[in-house]
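Structure first, then comments.
Residue numbers (our numbering): 1 to 130.
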């Protein structure tokens, strides 16, 4: 898992540096990460489903899930500047081994503080921006 995490971190951070500086802000970063993950999930022979609303969740949603040919969810991703309780609850609503929260805020201290919300079984990947 650590090698996957470090290679994913490296690939995503490289992708973010390709965004021209004037356009490198919240929504653009968020959608760039989602597009990258969409391609990655598709290359893993899973069907990427963006903006998935977990069952029994009134206001939460996940940015992307990967579904196999048997309609079983294999991975789930939440993308946000900081770890958000809503994202953690949305991930907890699914019975999936691969659960990821990807954060991208430049406020490292805030990101570290927000990891308080994380639960066991959820991988956190913080992307540093240069």
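Every residue, glycine too, gets a C-beta built ideally from N, C-alpha and C.
Per DSSP, cross-strand counterpart(s) of residue i
i	result
residue 73	67
residue 49	65
residue 123	100
residue 11	In DSSP, residue 11 forms no bridge with anything.
residue 79	102
Range of the contiguous beta strand (DSSP E) that encloses residue i
i	result
residue 103	98 to 103
residue 92	Taken as a continuous stretch (DSSP letters only), residue 92 belongs to no beta strand (DSSP E), being part of the alpha helix (DSSP H) at 85 to 92.
residue 37	No beta strand (DSSP E) contains residue 37, which is instead part of the alpha helix (DSSP H) from 26 to 43.
Same chain only: Cβ atoms within 6 angstroms of residue i, ignoring 5 sequence neighbours per side
i	result
residue 89	60
residue 24	none
Residue i burial status per 10 Å Cβ neighbour count (16 or more: buried)
i	result
residue 95	exposed
residue 116	exposed
residue 106	exposed
residue 114	buried
residue 4	exposed
residue 27	exposed
residue 39	exposed
residue 66	buried
residue 139	No answer is possible for residue 139: it lies beyond the span of the chain, which begins at 1 and ends at 130.
residue 85	exposed
residue 103	buried
residue 17	exposed
Enclosing alpha helix (DSSP H) for residue i [first to last residue]
i	result
residue 113	108 to 114
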